[in-house]
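Trainee: What follows is a structure written as structure tokens; I'll ask about it next.
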Amino acid sequence: MRIWRSVVGKLWMTILLLVSFVLIILTMLLLEFFQSYNVGQIEQNLKGTATKIARIVEVHPNDGMGKEIAIQLADKNAQVIIAYNVSKIVYPTTDSKTLPLSPETLVKDADLSKVFSSNKVFEKEMTPPGNHEQNRYNHIIVAAAPLHINKENGAVFIYQSLDVLKETTDKTTKLILLAAGIAIILTTFFAFFLSTRITAPLRKMREAAFQVAKGKFDTKVPVASHDEIGELATAFNQMGKQLKFNINALNQEKEQLRSILSSMADGVLTFNRDGTILITNPPAELFLQHWFYEQGKDSQLPAPKEMLDLLDQVIKTDKEQTSELTIQGRTYVVIISPLYNRDNVRGAVVVIRDMTEERRLDTLRDDFIANVSHELRTPIAMLQGYSEAIIDDIAVTDEEKKEFAKIIYDETLRIGRLVNELLDLARMEAGHISLNLDMTPIQSFIQRVTYKFQGVARESNVLLSSEVEQEAAMIEMDPDRIEQVLTNLIDNAIRYTPENGTVKVTQEEFEDGVLISVTDSGTGIQDEDLPFVFERFYKADKARTRGKSGTGLGLAIAKNIIEAHHGRISVKSKVGQGTTFSFYLPRIQSTK
């Protein structure tokens with residue numbers, strides 16, 4: 001059944017049906033023509049024969065010669081009846097009992113009886129009595145010629161059955177059928193030959209089209225002719241070449257778009273009108289993961305409800321919408337813009353920006369201003385107060401004036417120290433810190449810095465000690481900067497350790513670095529304060545300074561110094577048990 005669905009089968013059937021239809025119409029027309037032509041010839045022959053017999057009978061009216069001549073003139077299939085008048089009828093060629101039509105019927109027929117009163121020859125096609133078949137071959141052709149004998153009017157009737165045409169028609173039909181068979185065979189051969197010439201290149205084009213559909217755009221169709229099929233093959237090859245070019249261009253744009261989306265710090269989502277997510281990039285996927293984790297497994301929505309509500313507003317109003325979401329403690333700004341398909345909104349693109357750091361920096365900036373104001377307010381107030389006391393002569397004796405001047409001097413030093421620490425911290429956070437690296441023996445370095453605080457420790461009644469390995473390795477570092485870190489940690493430990501407490505500095509060797517820890521037995525730090533101890537101006541408990549006020553910048557500076565050495569600093573503490581600050585320094589800085 002496959003051949004009937006192919007071009008060959010369809011073309012063959014079309015040509016075959018067309019030829020068969022033409023042959024059937026031609027056969028019907030030819031049969032009708034031959035039948036009409038033969039009937040006309042029979043009528044002409046019968047009329048001529050009837051006229052001849054009538055003339056002969058007129059010459060020999062009373063002897064039997066006329067009848068004999070009539071028999072000789074008449075065709076072997078024709079029958080002759082001579083009627084001298086209506087009542088005198090002679091049957092020269094057959095017995096009346098064998099006639100298909102009785103002589104009386106012929107003589108008295110309304111159309112044929114006109115021959116007695118006319119000089120014309122009449123003919124008529126008649127149906128024998130009792131024959132009801134609709135078949136012309138059973139009909140009879142009758143011709144009547146006028147006869148004039150002894151001033152009396154008679155007639156010669158001659159008739160013949162049309163069944164003689166059946167043989168001729170059958171032969172003609174056989175010839176037409178033979179010609180039709182030959183025509184069908186030739187048509188089939190021609191159709192298959194023509195269709196093969198057409199379908200062979202089409203079949204190659206079909207195979208090439210399947211290869212192109214699989215992504216093999218280099219597939220080409222051979223151009224075997226310069227007709228329409230050849231032009232089609234040329235157009236197919238050009239289409240494949242152009243399609244390959246367009247696909248490569250689209251792939252490049254797709255890869256470029258993917259690279260742009262992947263490298264963006266902001267999350268990007270593309271929604272369809274029904275809320276289906278079409279495109280995401282890694283930050284957007286991370287955002288959705290955090291949202292799914294927060295919602296749990298029961299969530300049936302593809303994105304946060306607030307975002308979907310904004311999407312509906314964008315589709316309805318055709319305007320950009322902006323909102324702010326908080327998920328897992330992080331703050332996100334969501335900007336949704338419409339995507340157009342010609343004149344209609346087909347979806348929306350969502351830009352998700354993590355504003356947590358910006359919000360934190362805003363808070364830090366506000367806190368920084370507040371903390372600086374707070375830190376400067378006290379010394380400035382003291383400077384103003386003691387300066388007014390000196391100006392107003394409240395200090396009478398020289399000793400009081402010197403005491404007030406000493407307080408003013410200490411407060412100016414405090415302000416200067418605060419300003420210098422702020423400048424150092426600003427340079428460090430801006431990445432402008434410069435390190436003077438040198439290979440330093442860590443054992444002697446720790447012992448030297450610890451020894452500097454022995455006097456302060458004794459005044460505070462705190463036991464300060466150090467435990468370092470005797471053969472400690474050399475560490476590449478900036479000694480002045482690391483001394484600043486260690487000084488800050490030891491000073492804080494002594495300050496927050498009550499009397500009879502202990503402060504211990506330890507060192508632990510590792511293969512790629514060294515870990516230095518400062519442990520005290522002080523009051524400890526609350527759990528909620530631990531994440532913020534390295535922030536600027538942060539003081540967990542100002543009451544624990546015991547009157548020795550600090551700026552709150554030491555740990556922030558220490559953190560920046562350690563990170564500049566590609567190390568890390570951390571803190572562990574338990575309330576009532578003490579605190580341990582540790583920082584890790586890698587051995588080699590130049591490879592970091």
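In terms of UniProt numbering, the sequence shown is numbered consecutively and its last residue is 592.
Glycine included, C-beta positions come from ideal geometry on N, C-alpha and C.
Sorted by chain position, which residues of the same chain lie with C-beta nearer than 7 Å to ASN500's C-beta, five sequence neighbours on each side aside?
Mentor: Stepping through the sequence shown from its first residue, residue 500 is reached at position 500. Only ASN461 meet the Cβ criterion.
Trainee: On the premise that THR450 lies in contact with LEU464, defined as a C-beta separation below 8 Å, what is that separation, rounded to the nearest angstrom?
Mentor: Here residue 464 is taken as the residue at index 464 of the sequence shown, counted from 1. Here residue 450 is taken as the residue at index 450 of the sequence shown, counted from 1. With 8 Å as the limit, LEU464 and THR450 qualify as a contact, their Cβ atoms being about 6 Å apart.
Trainee: Using a threshold of 8 Å, state whether the C-beta atoms of ILE369 and VAL345 are closer than that.
Mentor: Counted from its first residue, the sequence shown places residue 369 at position 369. Counted from its first residue, the sequence shown places residue 345 at position 345. No, these two residues do not count as a Cβ contact at 8 Å.
Trainee: Do you know how far the Cα of PRO498 is from the Cα of VAL510?
Mentor: Residue numbering aside, residue 510 sits at position 510 when the sequence shown is read from its first letter. Residue numbering aside, residue 498 sits at position 498 when the sequence shown is read from its first letter. One point to set straight first is that residue 510 is Phe, not Val, in the sequence displayed. Approximately 33 Å, taken between the alpha carbons.
Trainee: In the structure shown, what three-state DSSP assignment does ALA543 receive?
Mentor: To locate residue 543, count along the sequence shown from 1; it is residue 543. Any reading at ALA543 must be qualified, since the residue scores a pLDDT of 43, below 50, and its modelled position is unreliable; the value itself is stated next. Correct three-state label for ALA543: helix.
Trainee: Under a three-way DSSP split, which group does PRO441 fall into?
Mentor: Within the sequence shown, numbered from 1, the residue matching residue 441 stands at position 441. Note: PRO441 maps to strand in three-state DSSP.
Trainee: Can you name the start and end residues of the beta strand (DSSP E) that LYS220 belongs to?
Mentor: In the sequence shown, counting from the first residue as 1, residue 220 sits at position 220. No beta strand (DSSP E) holds LYS220; DSSP gives it neither H nor E.
Trainee: With a CB to CB cut of under 6 Å and the five nearest residues on each side skipped, what residues in its chain are close to GLU411?
Mentor: Counting from 1 along the sequence shown, the entry for residue 411 is found at position 411. Counting only Cβ-Cβ distances below 6 Å, and skipping sequence neighbours, we find PRO379, MET382, LEU383.
Trainee: Ignore the nearest five residues each way along the sequence and tell me which others in THR502's own chain have a CB closer than 6 Å to its CB.
Mentor: Against the sequence shown, residue 502 aligns to sequence position 502. Hits under 6 Å: LEU463, SER521.
Trainee: Below 6 Å CB to CB, which residues in the same chain sit around THR270 once its five sequence neighbours on both sides are set aside?
Mentor: On the sequence shown, residue 270 is found 270 positions in, with the first residue counted as 1. Closer than 6 Å at the Cβ level, and outside the excluded window around THR270, lie LEU278, ILE279, VAL349.
Trainee: Check whether the Cβ atoms of ASN138 and ASP163 lie closer than 8 Å to each other.
Mentor: Within the sequence shown, the letter at position 138 stands for residue 138. Within the sequence shown, the letter at position 163 stands for residue 163. The answer is yes: Cβ separation under 8 Å.
Trainee: Give the DSSP-derived three-state secondary structure of TYR293 in the structure shown.
Mentor: In the sequence shown, the residue the question calls residue 293 occupies position 293. Helix.
Trainee: State the DSSP-derived secondary structure class of LYS305, mapped to helix, strand or coil.
Mentor: What you label residue 305 is simply residue 305 of the sequence shown in a count that begins at 1. In the structure shown, LYS305 sits in a helix (DSSP, three-state: H, G or I).
Trainee: At what residues does the alpha helix (DSSP H) containing ASN272 begin and finish?
Mentor: The residue labelled residue 272 in the question sits at position 272 within the sequence shown. Where ASN272 is concerned, there is no enclosing alpha helix (DSSP H), although the beta strand (DSSP E) it sits in stretches over 267–272.
Trainee: Pick out whichever of TYR584, ALA191, LYS559, THR127 has its Cα sitting closest to the Cα of ILE141.
Mentor: Here residue 141 refers to the residue found at position 141 when the sequence shown is read from its first residue. Nearest C-alpha to ILE141: THR127.
Trainee: Would you tell me roughly how many angstroms separate the C-alpha atoms of SER434 and PRO302, rounded to the nearest one?
Mentor: Against the sequence shown, residue 434 aligns to sequence position 434. Against the sequence shown, residue 302 aligns to sequence position 302. Near 50 Å, if we compare the C-alpha coordinates of PRO302 and SER434.
Trainee: Report yes if the C-beta distance between residue 641 and ASN281 is below 8 Å; otherwise report no.
Mentor: In the structure as shown, the chain starts at 1 and stops at 592, and residue 641 therefore has no counterpart that could be examined.
Trainee: My understanding is that GLY201 touches ALA235, with C-beta atoms under 8 Å, so please give their C-beta distance in whole angstroms.
Mentor: Here the question's residue 201 lines up with position 201 in the sequence shown. Here the question's residue 235 lines up with position 235 in the sequence shown. According to the sequence as given, residue 201 is Pro; it is not Gly. About 12 Å; that fails the 8 Å criterion.
Trainee: Going by DSSP, what residues sit across from THR579 in a beta bridge?
Mentor: For the purposes of this step, residue 579 is taken as residue 579 along the sequence shown, with counting starting at 1. The partner list for THR579 (beta bridge, DSSP) reads ASP520, SER573.
Trainee: Keeping to the same chain, check which residues put their C-beta closer than 6 Å to that of THR322; ignore five residues upstream and five downstream.
Mentor: In the sequence shown, the residue the question calls residue 322 occupies position 322. The answer, listed in chain order, is ILE335.
Trainee: Would you tell me roughly how many angstroms separate the C-alpha atoms of LYS572 and ARG495, rounded to the nearest one?
Mentor: As a first step, residue 572 must be located in the sequence shown, where it is residue number 572. As a first step, residue 495 must be located in the sequence shown, where it is residue number 495. Near 17 Å, if we compare the C-alpha coordinates of ARG495 and LYS572.
Trainee: Please list, in chain order, all residues of the same chain as ALA208 whose beta carbon is under 6 Å from its beta carbon, the five residues on each side excluded.
Mentor: Looking up residue 208 in the sequence shown gives position 208. THR219, VAL221.
Trainee: Considering only C-alpha positions, which residue in the set VAL19, ILE394, ASP266, LEU308 is nearest to THR331?
Mentor: Taking the first residue of the sequence shown as position 1, residue 331 is located at position 331. With distances taken between Cα atoms, THR331 lies closest to ASP266.
Trainee: Pairing CB atoms from the region 178–185 with CB atoms from the region 145–163, are three or more of them under 8 Å?
Mentor: Short answer: they don't touch.
Trainee: Considering only residues of the same chain and omitting the five flanking positions on each side of GLU58, which have a CB-CB separation below 7 Å?
Mentor: For the purposes of this step, residue 58 is taken as residue 58 along the sequence shown, with counting starting at 1. Answer for GLU58: LEU147, HIS148, ILE149, listed in chain order.
Trainee: Quick check on the burial criterion: 16 or more other C-beta atoms within 10 angstroms. Buried or exposed for GLU123?
Mentor: Locating residue 123 in the sequence shown gives position 123, where the first residue counts as 1. Buried.
Trainee: Residue range of the alpha helix (DSSP H) that ALA233 falls in?
Mentor: Counted from its first residue, the sequence shown places residue 233 at position 233. Where ALA233 is concerned, the enclosing alpha helix (DSSP H) stretches over 228–263.
Trainee: Taking only three categories from DSSP, how would you classify GLN160?
Mentor: As a first step, residue 160 is located in the sequence shown; it is residue number 160 there, counting from the start. Strand, per DSSP.
Trainee: Could you name the residues that DSSP lists as bridge partners for GLU476?
Mentor: Along the sequence shown, one-based indexing puts residue 476 at 476. Its beta-bridge partners are MET439.
Trainee: From the DSSP output, read off the bridge partner residues of GLN79.
Mentor: To locate residue 79, count along the sequence shown from 1; it is residue 79. Paired residue(s): TYR159.
Trainee: Using beta-carbon positions only, say whether ASP512 and PRO586 come within less than 8 Å of one another.
Mentor: Numbered from 1 along the sequence shown, position 512 holds the residue referred to as residue 512. Numbered from 1 along the sequence shown, position 586 holds the residue referred to as residue 586. Yes; because the gap between Cβ atoms is below 8 Å, this pair is in contact.
Trainee: Which residue comes first and which comes last in the alpha helix (DSSP H) that contains ASN344?
Mentor: Sequence index remark: in the sequence shown, residue 344 carries index 344 (1-based). Run containing ASN344: none in the alpha helix (DSSP H); it sits in the beta strand (DSSP E), 344–354.
Trainee: Assess contact between the region 191–199 and the region 112–120, defined as three or more Cβ pairs (one per stretch) separated by less than 8 Å. Is contact present?
Mentor: These segments do not touch.
Trainee: Classify SER118 as helix, strand or coil using the three-state DSSP reduction.
Mentor: Translated into the one-based positions of the sequence shown, residue 118 becomes position 118. In this structure, SER118 counts as coil in the three-state DSSP scheme.
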